[in-house]
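*Asks:* Sharing a structure here in structure tokens format.
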Amino acid sequence: MIATDTVYASGTWIVTKGREEEFVQRWTEFLQWTRSAFDELGTAQLIRDEETPGHFVSFATWKSVETLRDWRSRPEFAERLSACRALCDEFRGSSYTLAAVV
58 MIATDTVYAS
68 GTWIVTKGRE
78 EEFVQRWTEF
88 LQWTRSAFDE
98 LGTAQLIRDE
108 ETPGHFVSFA
118 TWKSVETLRD
128 WRSRPEFAER
138 LSACRALCDE
148 FRGSSYTLAA
158 VV
């Protein structure tokens, strides 16, 4: 059964050419901190475009919108997000709720 109260956080990252592996390392460290600080984090994944190696999409599940907001309000969040963004030409992040399941 799908939990309908699950909240999703996602980011689209366009990483500067040649910085991809460093980005993956920084993103991993960012989410390892998140995992240790927030029990409410479900899963977190980073996927990479096979045709455009600098294009990544991250997504994570959260048990509540309140916890997601708390995460984003922390100074550590801003520091770690900035460290990832420093390696990018473009970034867009957002929050989502479930619309459909097949």
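So in our numbering, spot 61 of the sequence shown is number 118, and the numbers just go up one at a time.
By construction, the Cβ of each residue, glycine as well, lies at the ideal position given by its N, Cα and C atoms.
(1) My guess is that D146 and T73 are in contact by the Cβ rule of under 8 angstroms, so how many angstroms apart are they, rounded?
(2) Could you have a look at M58 and say whether DSSP puts it in helix, strand or coil?
(3) Under the assumption that E77 contacts G111 (Cβ atoms under 8 angstroms), give the Cβ distance between them as a whole number of angstroms.
(4) Among residues of its own chain, excluding the 5 on either side of R92, which ones have a beta-carbon nearer than 7 angstroms to its beta-carbon?
(5) Give the single residue among R149, R137, W119, T109 whose Cα lies nearest to the Cα of D96.
*Replies:* With the structure as the only source:
(1) Contact holds; Cβ gap of about 5 angstroms.
(2) Legend: pLDDT at M58 = 49, less than 50; position of this residue unreliable, no value from coordinates given.
(3) With 8 angstroms as the limit, E77 and G111 qualify as a contact, their Cβ atoms being about 6 angstroms apart.
(4) L98
(5) W119
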